[in-house]
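As structure tokens, the structure follows; a few thoughts come after it.
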Amino acid sequence: NGANGGVLSVQPLKGNFGALVTTELSAPRILQTPALQEQLYQAWQERGGLLVLRGLKELTAGEMVCISALFGEVEDELDESKQQFAVSGESRVMRIGNTYDPVTKRITSLNAFDPLLPPGGSSQYRPCDRKPGWHTDSVYRKDAPIGSLLYCRQTPPEGGATCFADTVSALAALPLEKQEKLKKLECLCSQTHHDAKINKTSPDFPTLTPEQRKQSPAQRVPMVLEHPLQKRLSLYGMNGGTCRVLPREAKVTDEELDRYELDALEHESVQEEWRSLLPFVTDARFTVKWEWQVGDLVLWDNRCTMHCATGFDRERYTREMWRTTLTKDRSDAAKL
């Protein structure tokens with residue numbers, strides 16, 4: 146029995162990508178059983194960086210932080226703009242959804258207006274409207290987060306699924322010539338561009354001040370990333386902040402950067418090199434669509450997966466998710 150440190154029972158989600166833990170677990174069992182902790186960590190790393198636990202119905206924000214810390218270093222504090230969404234004073238756990246305070250009527254969740262999936266439920270990227278919004282988290286940060294955990298507190302009876310793509314298998318399935326070409330490219334990723342782009346369609350969304358822009362300079366990341374632990378290669382560097390794809394040796398002028406960041410201009414290379422790949426990368430053979438139940442806890446590794454949120458009927462239903470972010474690997478990760 147895995148709960149006593151025996152063999153953990155897991156069920157594959159899509160070939161070697163993703164694992165659903167079928168051993169019955171609770172937060173105290175996980176936190177009190179070192180052998181179980183190691184097996185969960187190994188399952189996460191061996192199954193493509195996607196792990197699902199079910200039935201953790203009474204999880205507290207504190208327990209979520211402790212479980213998160215078994216997989217990496219937990220981000221200490223939410224960004225200033227997101228601190229209002231912290232769960233019950235726990236500065237490391239953010240609430241996502243459409244909940245609000247019944248007294249003040251103030252929104253208490255980070256609210257994303259993702260479109261519903263089309264009839265048939267396909268989560269494949271559609272070039273016509275650039276949806277669903279497949280991405281890798283915060284690739285524009287100097288030290289991009291390695292992963293996240295998402296816990297389901299309330300979920301609608303339909304809609305609201307989260308979808309994950311296996312960017313290792315997708316890369317490996319491309320023609321070798323294409324793989325070699327992509328290995329020579331980098332993505333220019335900018336939080337200023339990301340926020341300015343959102344502000345164009347949602348004018349209430351804050352853009353970075355000149356000071357904040359200085360503190361968050363654009364980053365160049367490889368389009369093909371080698372995982373530091375597994376050494377597997379994966380596609381990487383795509384999110385709303387990706388404003389150009391360019392050869393490693395190419396330079397970006399200050400004038401060009403101003404156009405990407407201040408005018409929210411996305412260079413055509415993003416479409417040519419990255420967006421054009423998304424229908425392939427998000428094809429059903431590389432993806433898992435996770436339909437939530439209350440008590441589910443899902444953990445993903447940003448270095449070998451992409452993900453997207455999907456919409457639901459916000460007028461009829463309430464969705465509440467808790468999220469933690471992992472900033473770096475455990476200090477002993479390389480030895481495991």
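Per the numbering used here: the sequence shown ends with 481, consecutive numbering throughout. Backbone N, C-alpha and C define an ideal beta-carbon position, used for all residues, glycine too.
In this structure, how does DSSP classify Ile343 when only helix, strand and coil are distinguished?
helix
List the DSSP bridge partners of Ser233.
For Ser233, which the question treats as bridged, DSSP gives no partner whatsoever.
Give the DSSP-derived three-state secondary structure of Leu195 in the structure shown.
strand
Comparing C-alpha positions only, which one of Lys342, Thr463 and Val369 sits nearest to Tyr245?
Thr463
Please report how far the alpha carbon of Arg393 lies from the alpha carbon of Leu380, in whole angstroms.
15 Å
If you draw a straight line from the C-alpha of Glu371 to the C-alpha of Glu460, how long is it?
43 Å
Integer-rounded CB distance, given that Val369 should sit under 8 Å from Leu143
Nothing in the structure corresponds to residue 143, since the chain is present only between 146 and 481.
Cα-Cα, which of Thr281, Val248, Phe230 and Gln156 is closest to Asn104?
Residue 104 lies beyond the range of the chain shown here (146 to 481); nothing can be said about it.
Return the first residue and the last residue of the beta strand (DSSP E) that Asp446 is part of.
Leu442 to Asp446
Every unbroken alpha helix (DSSP H) inside the segment 246 to 322 [4 residues or more]:
312 to 317
Quick check on the DSSP output: the beta strand (DSSP E) that includes Pro392 runs from which residue to which?
Thr387 to Pro392
Would you kindly check if the distance between the Cβ of Ser314 and the Cβ of Gln336 is under 8 Å?
no
Using CA atoms only, rank isn't needed, just tell me which of Thr253, Leu471 and Pro320 is closest to Gly234.
Thr253
How many Å lie between His339 and Arg237 at the Cα?
23 Å
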